[in-house]
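Residue numbers (our numbering): 117 to 598. We put the CB at the ideal spot given by N, CA and C, even for glycine. Here the structure is a predicted model, which means the values were calculated and not measured.
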């Protein structure tokens, strides 16, 4: 248990560095690009990403996760997976090239055709780093990921900004994505000692397909659930509306990518290594999810309260229509930051088949809600998403996944209540503080007053009420510091 805790702690620490560095750089670069470009140009790239992201799922095919989950893979397995990924990546580049014209016609945006032809090279290039990335995750070697993320983020960001300053518009975003993929794979090969041999075996591929096929099926469903709203907005409303909606969604996902995904990359291999001890998995899972909520809940509630000042200061007045959409997504972010962790339970227990079956139900509910909400524009679609996840999906999602480790829905709610109560109390105080401050204050002054006040207040609350995850995180930080 001590060794497991040491490995997990070290992995989390380095993954925080890796993901934190990447997200901070991505956010800062995104802010600069948002000030140089318009919502329309972000909407155009958002239209392309709907289909590009879908095809990108086939590059990995769930085989990367299979490498992490399976403890008995040989070099022949890895070689076969590498060459299969490379072949699929090349095929996907050809597929997007052929369909770039019809997709541009669907959106009625001719510029999308050459844009997607350029972006299509990401498939083949990205496929060359799947095995190396999975092996680094399996070894919980996130120091290497810190190097990879930092180098690729800085390189691609500088290229994107330089092109935007030269007036290349949406092309600067497209080239940024290509440079990101190329630099990511190059550095991955430099830091990873594994090299493929010229060997391929269908027998070894079939050996891991049972796990990966179900996971791929779930990921495909989940992808369209997450992007069907973008498809509707891009087709039936406008590219500018999609640019605003996508930016709001990205801001909501920042805590998810910063915290939930940081832990996910560590906890999946850790839980997979103890997959036969359900009691230990349940205990570690509950503590991990509360630790996530301890960080993400105040971020989401705080952003909800100061959203207008935040948008004006960070993105500028031309993005002011982002505010109402962002507020709705902050409510969704509370759920999403912890809901993404249910995959740990399915995958560490080897039950991707059950994950896929429940994903079918989730897909139907969310897609139907988007169609209903379309009548009221982007605001209606955002609200429909929030209503569907809280009213219809939340309870069965936790119940089905929880049954795999003997966890009840009530246990999860009691586990999440302490950080939620502290975050909600902080949000209420910040709201009334905003009402008490002079109404003619600038947005910058508003943030300078309320953000530090919220941080201090929340820290006092979690310290006074001695939330268990806070005590554990504090103890880990102190022990690592010593």
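Unbroken alpha helix (DSSP H) run spanning residue 447, endpoints: Start and end: 438-455.
Start-to-end residues for the alpha helix (DSSP H) that takes in residue 287: DSSP places residue 287 in the uninterrupted alpha helix (DSSP H) bounded by 286-307.
Endpoints, the alpha helix (DSSP H) within which residue 510 is located: In the DSSP assignment, residue 510 falls within the unbroken alpha helix (DSSP H) covering 510-518.
Exposure of residue 150, with buried meaning 16 or more beta-carbon neighbours within 10 Å: Residue 150 comes out buried.
Exposure of residue 282, with buried meaning 16 or more beta-carbon neighbours within 10 Å: The residue in question, residue 282, is exposed, as its Cβ has fewer than 16 Cβ neighbours within 10 Å.
Beta-carbon proximity of residue 442 to residue 364, cut-off 8 angstroms: Result yes, Cβ atoms of residue 442 and residue 364 sit closer than 8 angstroms.
Proximity below 8 angstroms, CB of residue 152 to CB of residue 278: No.
DSSP state of residue 393 mapped onto helix, strand, coil: Residue 393: coil per DSSP, three-state reduction.
Test item: CB-CB of residue 244 and residue 301 under 8 angstroms: In contact: residue 244 and residue 301 (Cβ atoms closer than 8 angstroms).
Contact belief for residue 371 with residue 453 at Cβ below 8 angstroms, rounded distance in angstroms: The beta carbons of residue 371 and residue 453 sit about 5 angstroms from each other, so the pair counts as a contact at 8 angstroms.
Selected residue, minimal CA-CA separation from residue 490, among 350, 431, 411: Ranked by Cα distance from residue 490, the options 350, 431, 411 are led by 350.
Cα-Cα separation, residue 564 to residue 576: Those two C-alpha atoms are separated by around 19 angstroms.
Anticipated Cβ contact below 8 angstroms, residue 428 with residue 436, distance rounded: About 7 angstroms separates the CB atoms of residue 428 and residue 436; that is less than 8 angstroms, so the two are in contact.
Reduced DSSP category for residue 283 - H, G, I as helix; E, B as strand; rest coil: Collapsing the DSSP output to three states places residue 283 in coil.
CB contact flag (residue 510, residue 445, <8 angstroms): Taking 8 angstroms as the Cβ cut-off, residue 510 and residue 445 do not qualify as a contacting pair.
At least three beta-carbon pairs within less than 8 angstroms, the region 194-212 to the region 156-175: Output reads yes: the region 156-175 touches the region 194-212.
Proximal residues to residue 217 (C-beta, below 8 angstroms), its chain only, five neighbours per side dropped: For residue 217, where only same-chain residues beyond five positions count, the Cβ hits under 8 angstroms are 229.
Whole-number beta carbon distance between residue 341 and residue 482, since they are thought to touch under 8 angstroms: 5 angstroms between Cβ atoms; contact.
Beta-carbon contacts of residue 479 that lie in its chain and below 8 angstroms, excluding the five residues immediately before and after: The residues are 337, 338, 340, 341.
Spatial neighbours of residue 559 in its chain, beta-carbon cut-off 6 angstroms, leaving aside the 5 residues before and after: Close CB contacts of residue 559 within its chain, under the 6 angstroms cut and outside five residues either way in sequence, are with 425, 428, 429 (chain order).
Top-ranked residue by Cα proximity to residue 294, from 248, 499, 240, 250: The option with the nearest alpha carbon to residue 294 is 240.
Beta carbon of residue 237 nearer than 8 angstroms to that of residue 160: No, the Cβ-Cβ distance between residue 237 and residue 160 is not below 8 angstroms.
Boundaries (first-last residue) of the alpha helix (DSSP H) holding residue 190: Careful: residue 190 lies outside any alpha helix (DSSP H) and carries neither H nor E.
Counted within 10 angstroms of its Cβ, other Cβ atoms place residue 400 as buried (16 or more) or exposed: When all chains shown are included, residue 400 counts as buried.
Cut-off 7 angstroms between Cβ atoms - residues of its own chain near residue 353, not counting five sequence neighbours on either side: 493, 494, listed in sequence order.
Cutoff 7 angstroms; reference residue 206; Cβ partners in own chain excluding five residues on either side: Counting only Cβ-Cβ distances below 7 angstroms, and skipping sequence neighbours, we find 240.
Proximity winner among 189, 500, 545, relative to residue 569 (alpha-carbon distances): Nearest to residue 569 by alpha-carbon distance, out of 189, 500, 545, is 545.
Backbone CA spacing between residue 141 and residue 148 [nearest angstrom]: Their Cα atoms are separated by approximately 11 angstroms.
Whole alpha helix (DSSP H) elements within the region 501-582, 4-residue minimum: Counting only runs of 4 or more residues that sit fully inside the region 501-582, the alpha helix (DSSP H) segments are 510-518, 525-552, 559-580, in chain order.
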